[in-house]
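Notes for the one structure printed next.
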Amino acid sequence: MQRRFNPLEADAKWQRVWEDRQSFRASDTSDKPRSYVLEMFPYPSGRIHIGHVRNYTMGDVLARFRRMTGHEVLHPMGWDAFGMPAENAAMEKKVHPGEWTRSNIANMRAQLKRLGFALDWSRELATCEPDYYGHEQALFLDLYAAGLVYRKESAVNWDPVDMTVLANEQVIDGKGWRSGATIEKRKLSQWFLKITDFADDLLSGLDTLDQWPDKVKLMQENWIGKSVGLQFSFALDHAVNDIERLEVFSTRPDTIFGASFAALAADHPIALALAKTDPLLAAFADECRQSGTAAAEIETQEKKGYDTGLKVIHPFNGSELPLFVANFVLMEYGTGAVMAVPAHDQRDLDFARKYMLPVPRVVAAEGDETKPIHDEAYSGPGALVNSDFLNGMAVEAAKVAVIARAESEGWGTGTTVWRLRDWGVSRQRYWGTPIPFIHCDACGVVPVPKDQLPIVLPEDITFDIPGNPLDRHPTWSQVDCPQCGKAARRETDTLDTFVDSSWYFIRFASQPKDKPFDREEVARWLPVGQYIGGVEHAILHLLYARFWTRALQHIGLIDVAEPFAGLFTQGMVTKETVRRKTPLQYLEMDGSVTSYPTNILQPEGTGWLSPEEVEWIGDIPIEKVTRAIAQVGRVEKMSKSKKNVVDPDDIVDQYGADAVRWFMLSDSPPERDLPWTDSGIEGSWRFVNRLWRLFGEASEIGVGGADKTLDRKLHQTIDGVAKDIEALSFNKAVAKIYELTNAVEKAAPSTSRATAIRALARLVAPMMPHLAEEAWSDMGETGLIADAPWPAVDPALLVDDEVTIAVQVMGKLRDTLTVPKGTAKDLLEKMALAAPNVARTLDGVVPKKIIVVPDRLVNLVL
RNA sequence: GCGGACGUGGCGAAAUUGGUAGACGCACGGGACUUAAAAUCCCUCGCCCUCUGGGUGUGCGGGUUCGAGUCCCGCCGUCCGCACCA
Numbered sequence: 034m035q036r037r038f039n040p041l042e043a044d045a046k047w048q049r050v051w052e053d054r055q056s057f058r059a060s061d062t063s064d065k066p067r068s069y070v071l072e073m074f075p076y077p078s079g080r081i082h083i084g085h086v087r088n089y090t091m092g093d094v095l096a097r098f099r100r101m102t103g104h105e106v107l108h109p110m111g112w113d114a115f116g117m118p119a120e121n122a123a124m125e126k127k128v129h130p131g132e133w134t135r136s137n138i139a140n141m142r143a144q145l146k147r148l149g150f151a152l153d154w155s156r157e158l159a160t161c162e163p164d165y166y167g168h169e170q171a172l173f174l175d176l177y178a179a180g181l182v183y184r185k186e187s188a189v190n191w192d193p194v195d196m197t198v199l200a201n202e203q204v205i206d207g208k209g210w211r212s213g214a215t216i217e218k219r220k221l222s223q224w225f226l227k228i229t230d231f232a233d234d235l236l237s238g239l240d241t242l243d244q245w246p247d248k249v250k251l252m253q254e255n256w257i258g259k260s261v262g263l264q265f266s267f268a269l270d271h272a273v274n275d276i277e278r279l280e281v282f283s284t285r286p287d288t289i290f291g292a293s294f295a296a297l298a299a300d301h302p303i304a305l306a307l308a309k310t311d312p313l314l315a316a317f318a319d320e321c322r323q324s325g326t327a328a329a330e331i332e333t334q335e336k337k338g339y340d341t342g343l344k345v346i347h348p349f350n351g352s353e354l355p356l357f358v359a360n361f362v363l364m365e366y367g368t369g370a371v372m373a374v375p376a377h378d379q380r381d382l383d384f385a386r387k388y389m390l391p392v393p394r395v396v397a398a399e400g401d402e403t404k405p406i407h408d409e410a411y412s413g414p415g416a417l418v419n420s421d422f423l424n425g426m427a428v429e430a431a432k433v434a435v436i437a438r439a440e441s442e443g444w445g446t447g448t449t450v451w452r453l454r455d456w457g458v459s460r461q462r463y464w465g466t467p468i469p470f471i472h473c474d475a476c477g478v479v480p481v482p483k484d485q486l487p488i489v490l491p492e493d494i495t496f497d498i499p500g501n502p503l504d505r506h507p508t509w510s511q512v513d514c515p516q517c518g519k520a521a522r523r524e525t526d527t528l529d530t531f532v533d534s535s536w537y538f539i540r541f542a543s544q545p546k547d548k549p550f551d552r553e554e555v556a557r558w559l560p561v562g563q564y565i566g567g568v569e570h571a572i573l574h575l576l577y578a579r580f581w582t583r584a585l586q587h588i589g590l591i592d593v594a595e596p597f598a599g600l601f602t603q604g605m606v607t608k609e610t611v612r613r614k615t616p617l618q619y620l621e622m623d624g625s626v627t628s629y630p631t632n633i634l635q636p637e638g639t640g641w642l643s644p645e646e647v648e649w650i651g652d653i654p655i656e657k658v659t660r661a662i663a664q665v666g667r668v669e670k671m672s673k674s675k676k677n678v679v680d681p682d683d684i685v686d687q688y689g690a691d692a693v694r695w696f697m698l699s700d701s702p703p704e705r706d707l708p709w710t711d712s713g714i715e716g717s718w719r720f721v722n723r724l725w726r727l728f729g730e731a732s733e734i735g736v737g738g739a740d741k742t743l744d745r746k747l748h749q750t751i752d753g754v755a756k757d758i759e760a761l762s763f764n765k766a767v768a769k770i771y772e773l774t775n776a777v778e779k780a781a782p783s784t785s786r787a788t789a790i791r792a793l794a795r796l797v798a799p800m801m802p803h804l805a806e807e808a809w810s811d812m813g814e815t816g817l818i819a820d821a822p823w824p825a826v827d828p829a830l831l832v833d834d835e836v837t838i839a840v841q842v843m844g845k846l847r848d849t850l851t852v853p854k855g856t857a858k859d860l861l862e863k864m865a866l867a868a869p870n871v872a873r874t875l876d877g878v879v880p881k882k883i884i885v886v887p888d889r890l891v892n893l894v895l
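The opening residue of the first sequence carries number 34 in my numbering; numbering runs sequentially from there.
Below is the structure:
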C-alpha cells in the first residue's frame, strides 16, 4: 500500500467497475426514498469546459452523498443538441449538423466519463434525435388541442444575422442573444405558446419555491411584470376613422383629476389614421420608430410629442385635455395610450414642462397640500387634494373609489396588465424540432395526425446560401393534406430550442417508446429535488420549463405544477488574464525598466496573452516573443478571446479526476465565482496524496486504545460535513475534512485513529470517488465505497466535555479558561477574577458588574 | 432611473440566537531531511509598538449594548438584473 497513488490508473479502473456493475442506474421500483439530482444539460459545442466540470461536480457530490444516505438517486445526463452553432458549422466546415453534433456528443461524453460522475447513462438522451423530438411534437399537438398553441401574424424580433425570429426573452438591449446583431421588427406569421394564460400562476407559484434563490424569483417576478390598475376610455371630441373613444390603462387611477393631457404611441391606430393626412405627424411617428431601445439611448432621450389637435374629455369634470403622440409611449404595453399626470409621474412631468402643460398636484403628504411640483414628480403616499369626491382619501382608497365609479358608470374596469408576452416559438432554421402542422389551401392549418409522428428532418440539405434550408428542400415540404387529401405544404419553421429543454427532465424520469412519458413513473421522480446550473438561465429556460410543466399539468398529463423544487445557481470559473502593455517596456538585467519609442516593434493581435506566451520573472510577466513586460489583467470568466481558458482534459491528464473535482469544491462558496489558479490545483493534488498516505495507515492500531478527543473530532466532522453537503456548502465541507485530516495526522496510533481513517475515506468518497474506492479496496473492504453507507454519528460525541471560556474586561479579551462543560456561573466568576492577566488588568479595582455566559465567556464591567 | 446582492489579511474565504475575528486553503518567509534538487515534515504569518506585554483592526461616519463582522440610522464603493411598463 505504500506505492504511489496513480490517478490515471485508478480513475480508469473504477470507472470501468462502476460501469460493469451499473452502479448508478436508478431503479424505478426501489422502495427507498427518492432523490432526483439534476444539472442543466450541456449544449454539445464540442468540448467540456471547466464551468461544466464545476457544475457537474457539485451535482455529483450531492448525488453520491444521497446514495450513501440511503436514497434511490436519479442523476441523469443528456444533450441540448439542437441549435444554431451546428448550422454555422455546417456552413463553415461543410459538415452535416447532425454529424457535427453527434461527434461532439461522443467527445464530450468521453470527457465527462473521465471525471467519474455517478450518472445513469442508460437514460442519456439527445434532443436532436427523433425519439426525443417526435414526442415533443406530440406534446405540442396536445397543447394545440387544448388551445395553448396558436398562430398569428405579428411584429416579431428578426435577427438579420441568424436570419431567424427571436423571443422577447432572447433580445438583450435590442440585440440578438446569440448573434449580437441589432434586432429588426418584421411582420410574420408565427407560432405562439400561450404563456400569458399562466402569468398569474407562474407569479404566485414563485411563493411556493422556498428552495430557490430570492434573486431568481425576483427576476422572474419582474419579467412577468404584473400591474394592477384601471383600464378606461376617454371620449374624443372628434371621431377618427369611426374611433370615438380612447382606451388607456393606468396604475394610478386615483390621480385622474391631475391628468393634464393624454398620449399615444406612434403606432397607435388613431396616430396611424391621422398620419395619413398629416405629413408632419407621419414624419414624427417615423422618428419615434427609429429611436433605439438600447439602454444608453433611453437614458438620454428627450421626451418629445406631437399635438394631434384632438381633445379627450375628462370622465368626471368634462374638461378637455390635449391629445399628443409621444415618443415615450409603447404600443406593446397596455393599450398603447396613457393618461398623463405630470405631478405624479416623472415622464409625464418632463413632457409637460417641455410643452408648457399644467401640473396640478392631486396627492400630497401632510403639510405639502399647496406645495408646487418642481422638477421631481411626487410618487409617494399621501391624501388626495384638488380631486372632487376623492379629496382627503388615501391613495389606495382613492384607487378603489375611482375604479368603482368607472365600473358603475360603464366607462372603465379594474384590470391587470402583464409585461409577459406570449412565447413565440417559430424559428426559420433547419436544426430544430419540425413544427407538426400542414398548410392546406382548402383546410387551412391542419395538425399532423399523431400516427404520422415523428416528422423527421430530411438529411439531404444544403447550407450554401443563408436562410432556412427546409424552405429550399425540393420534396420535404410536399405532403397530402391529412383532412382533404389534396396536395399541401408542410410547415417549415422549427421550434425554439428552449422548447426542447422545457421537458427533458420529465423524459429522464420516464422514457417509454410509444409516448413522451408515463404519468405514474414521472410521479415517482418529479419534481427534481435539486437542480443546479448557471444564473444566466434565471429567466429564459427556468421560466419556460415552469410554464411547460404547468401547461402539461393543466391538460392532465402530469401531476406536478413546479418542475424544480430546489434550484441552485452556481458561480463561474474565472482566471487571471495577462495583457500586453504598450508602449513596450523591457526589464534589464539589473532590474531597471527601459522604455522604447512606440513606433517600433509594435506586435500584432488582440493584446491578450496565453500562459504559453508568457514567462514569469518573479511576479512580473514577460511576453516571450517580444521580451517586453506584460501586465496582469483582471480575473475574468474564462474565454478564448481573453486567452485564459483551462482545458479540463489537460488537467485531468496531469492530476487525475479527483484533484480536479476537489479543487472545484474548495475555497469559494459555490454560488460565487471560483478563481482558477495553478497553485490551487497543485494544492488539491497535494491533498490527494496526503490522504493516500494516511489511508495506508488504516491498520496501524498502536498501543493507545481509544483517543476520546479524536473520536469527538471525527463525529463532529461526520455530522458537519453531512450538513454542509446538504446545504451545498461544499467549501465548508472541504475545510472540515482538512481539519479532520490535520487532526488524524497529528494523533498517535490508536484504534480511534484507525477508525477515523476508515471513516475519512467515506467522507471524501462523494468528492474523490476514485481515491476513495482504491483506498477502500486496499483496506480490505469487499464492496464498493460508492455503495457504502455514510458513517453513523454518535450524538454523545458531538458535544465537547471541555470548553474554552473567554475572559473579557470591558469587552476586551484578557485571558481564556479551559473548564469542564457546564461549569457553574459562580465558579467561572471566581476563576475569571483569579486569572493572572485579569488580575493585572484590574489592578485591585472591583468590577461593578460581572456578566457570565455559561460555556462561553465572562465579562468584567468596571 | 428602479430593483437586488455584496464590501473581512497579500489572495480565496470561515465565524450558531450579538459572545475569543481571521477556521481551512493558497502565496510569502524561516528551518529539518538531501551532495543537490524534487517530494515530505516542522515553525512563523492582519497591522503597529517600548514585544512573557500592549494598542489597533471586518468599506466610511454615527448609534444601541456589558459586548457589534453580525442589530439600527446615514454615507461611499463594486457587481448583477430590468429598463420610457403608464
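We put the beta carbon where it would ideally sit given N, CA and C, even for glycine.
Predicted, not measured: the structure shown is a model, and the values here were computed from it.
Exercise. Where V371 and L573 are concerned, what is the direct C-alpha to C-alpha distance, given to the nearest angstrom?
Worked result: Counted from its first residue, the first sequence places residue 371 at position 338. Counted from its first residue, the first sequence places residue 573 at position 540. Cα to Cα, V371 sits roughly 30 Å from L573.
Exercise. Is DSSP giving A328 helix, strand or coil here?
Worked result: Here residue 328 is taken as the residue at index 295 of the first sequence, counted from 1. Note on A328: pLDDT 46, under 50, position unreliable in the model; the coordinate value appears next. Looking at A328 - three-state DSSP - the assignment turns out to be helix.
Exercise. Grouping DSSP H, G and I as helix and E and B as strand, with all else coil, what is M800?
Worked result: One-based indexing of the first sequence puts residue 800 at position 767. If DSSP states are grouped into helix, strand and coil, M800 belongs with coil.
For this session: Could you tell me which uninterrupted alpha helix (DSSP H) segments, each at least 4 residues in length, are contained entirely in the stretch 236 to 277, listed from first to last along the chain?
Result: 247 to 257
For this session: Please list, in chain order, all residues of the same chain as Y69 whose beta carbon is under 6 Å from its beta carbon, the five residues on each side excluded.
Result: Position 36 of the first sequence, counting from 1, holds the residue named residue 69. L107, W558, V561, G562, listed in sequence order.
Exercise. Going by beta carbon distance, what residues of the same chain come within less than 8 Å of A315, once the five residues before and after it are set aside?
Worked result: In the first sequence, residue 315 corresponds to position 282, counting from 1. Excluding positions up to five away in sequence, the list reads A308, K309.
Problem set entry | Beta-carbon spacing of W154, M110 below 9 Å | By 1-based counting over the first sequence, the position of residue 154 is 121. By 1-based counting over the first sequence, the position of residue 110 is 77. Taking 9 Å as the Cβ cut-off, W154 and M110 qualify as a contacting pair.
Exercise. In whole angstroms, what is the alpha-carbon distance linking A571 and V86?
Worked result: As a first step, residue 571 must be located in the first sequence, where it is residue number 538. As a first step, residue 86 must be located in the first sequence, where it is residue number 53. For A571 and V86, the distance between alpha carbons rounds to 20 Å.
Exercise. Mind checking whether C514 and V479 have CB atoms under 9 Å apart?
Worked result: Reading the first sequence from its first residue, position 481 is the one you call residue 514. Reading the first sequence from its first residue, position 446 is the one you call residue 479. Cβ distance < 9 Å, so C514 and V479 count as in contact.
Exercise. If you compare alpha carbons, which of S60, E365, A430 is closest to V555?
Worked result: Residue numbering aside, residue 555 sits at position 522 when the first sequence is read from its first letter. For the residues S60, E365, A430, the minimum Cα distance to V555 belongs to S60.
Problem set entry | Buried versus exposed call for E42 [16 or more other C-beta atoms within 10 Å across all chains shown] | Against the first sequence, residue 42 aligns to sequence position 9. Exposed, since its Cβ has fewer than 16 Cβ neighbours within 10 Å.
Exercise. Near V626, what residues of its chain come up, given a Cβ to Cβ distance below 8 Å and the 5 sequence neighbours on each side ignored?
Worked result: Counting from 1 along the first sequence, the entry for residue 626 is found at position 593. Answer for V626: Q618, Y619, L620, I662, listed in chain order.
Exercise. What span of residues does the beta strand (DSSP E) with P853 cover, start to end?
Worked result: Counting from 1 along the first sequence, the entry for residue 853 is found at position 820. Its beta strand (DSSP E) spans residues 845 to 853.
Exercise. Is it buried or exposed for R54, if we count other Cβ within 10 angstroms and need 16 for buried?
Worked result: In the first sequence, the residue the question calls residue 54 occupies position 21. Exposed, since its Cβ has fewer than 16 Cβ neighbours within 10 Å.
For this session: Could you round the C-beta distance between V665 and M671 to whole angstroms and report it? I think they count as a contact, below 8 Å.
Result: As a first step, residue 665 is located in the first sequence; it is residue number 632 there, counting from the start. As a first step, residue 671 is located in the first sequence; it is residue number 638 there, counting from the start. That pair is no contact at about 16 Å.
For this session: Decide if Q223 is buried, meaning its Cβ has at least 16 other Cβ atoms within 10 Å, or exposed.
Result: In the first sequence, counting from the first residue as 1, residue 223 sits at position 190. Classification of Q223: buried, given that the 10 Å Cβ count is 16 or more.
Problem set entry | Those runs of the alpha helix (DSSP H) which lie wholly inside the stretch 635 to 709 and span at least 4 residues | 681 to 688, 690 to 698
Exercise. Below 9 Å between beta carbons: does that hold for P887 and G855?
Worked result: Within the first sequence, the letter at position 854 stands for residue 887. Within the first sequence, the letter at position 822 stands for residue 855. Yes.
Problem set entry | Reference S732; option with closest CA among R791, N775, I758 | As a working note, residue 732 is residue 699 in the first sequence. When each option's Cα is compared against that of S732, the closest is R791.
For this session: Give the secondary structure of C473 by DSSP, where H, G and I count as helix, E and B as strand, and everything else as coil.
Result: Taking the first residue of the first sequence as position 1, residue 473 is located at position 440. Three-state result, C473: strand.
Problem set entry | Nearest neighbour of L707, chosen from E440, F720, V693 [CA to CA] | For this step, residue 707 is matched to residue 674 along the first sequence. Per the Cα distances, V693.
For this session: Please confirm if the stretch 787 to 802 is in contact with the stretch 737 to 748, defined as three or more CB-CB distances below 8 Å between the two stretches.
Result: yes
Exercise. Residues bridged to N892 by DSSP?
Worked result: Your numbering for residue 892 matches position 859 in the first sequence. Its beta-bridge partners are Q841, I884.
Problem set entry | C-beta contact flag for F384 and A296 at 9 Å | As a first step, residue 384 is located in the first sequence; it is residue number 351 there, counting from the start. As a first step, residue 296 is located in the first sequence; it is residue number 263 there, counting from the start. Yes, the pair counts as a contact, with Cβ atoms nearer than the cut-off.
For this session: Pick out whichever of W464, Q511, D504, G713 has its Cα sitting closest to the Cα of C473.
Result: Against the first sequence, residue 473 aligns to sequence position 440. The residue with the shortest Cα to Cα distance from C473 is Q511.
For this session: Jot down the residue ranges of each uninterrupted beta strand (DSSP E) in the stretch 300 to 385, minimum 3 residues, whole runs only, in chain order.
Result: 338 to 346, 353 to 359, 370 to 373
Exercise. Can you name, in chain order, every residue of its own chain whose Cβ lies under 8 Å from the Cβ of L221, other than the five neighbours on each side?
Worked result: The residue given as residue 221 occupies position 188 in the first sequence. These residues qualify, in order along the chain: E186, S187, V189, W191, V198, S459.
Exercise. Is the distance from the Cβ of P193 to the Cβ of A690 below 9 Å?
Worked result: As a first step, residue 193 is located in the first sequence; it is residue number 160 there, counting from the start. As a first step, residue 690 is located in the first sequence; it is residue number 657 there, counting from the start. No, Cβ-Cβ distance for P193 and A690 is not below 9 Å.
Exercise. Can you tell me whether DSSP reads N190 as helix, strand or coil?
Worked result: Indexing the first sequence from 1 puts residue 190 at position 157. N190: strand per DSSP, three-state reduction.
Exercise. With a CB to CB cut of under 6 Å and the five nearest residues on each side skipped, what residues in its chain are close to L313?
Worked result: Within the first sequence, the letter at position 280 stands for residue 313. Closer than 6 Å at the Cβ level, and outside the excluded window around L313, lies no residue.
Exercise. Roughly how many angstroms lie between the CA atoms of A298 and F267, to the nearest whole one?
Worked result: Stepping through the first sequence from its first residue, residue 298 is reached at position 265. Stepping through the first sequence from its first residue, residue 267 is reached at position 234. Their Cα atoms are separated by approximately 16 Å.
Exercise. With burial defined as no fewer than 16 other Cβ atoms inside 10 Å of the residue's Cβ, what is the status of R394: buried or exposed?
Worked result: Taking the first residue of the first sequence as position 1, residue 394 is located at position 361. When all chains shown are included, R394 counts as buried.
Exercise. Quick one: what's got a C-beta closer than 8 Å to G84's C-beta in the same chain, skipping five residues either side?
Worked result: Within the first sequence, numbered from 1, the residue matching residue 84 stands at position 51. The answer, listed in chain order, is G567, M605, V606, M671.
Exercise. Between which two residues does the alpha helix (DSSP H) containing V94 stretch?
Worked result: Here residue 94 corresponds to residue number 61 of the first sequence, with the count starting at 1. Counting along the chain, the alpha helix (DSSP H) containing V94 begins and ends at 83 to 101.
For this session: Pick helix, strand or coil for T774, following the three-state DSSP scheme.
Result: To locate residue 774, count along the first sequence from 1; it is residue 741. T774: helix per DSSP, three-state reduction.
Exercise. By how many angstroms is the C-alpha of Q334 removed from the C-alpha of A328?
Worked result: The residue you call residue 328 lines up with position 295 of the first sequence. The residue you call residue 334 lines up with position 301 of the first sequence. In this prediction, A328 has a pLDDT of 46, which is less than 50 and means its spatial position is unreliable; what the coordinates show is noted afterwards. So the alpha carbons of these two residues sit roughly 10 Å apart.
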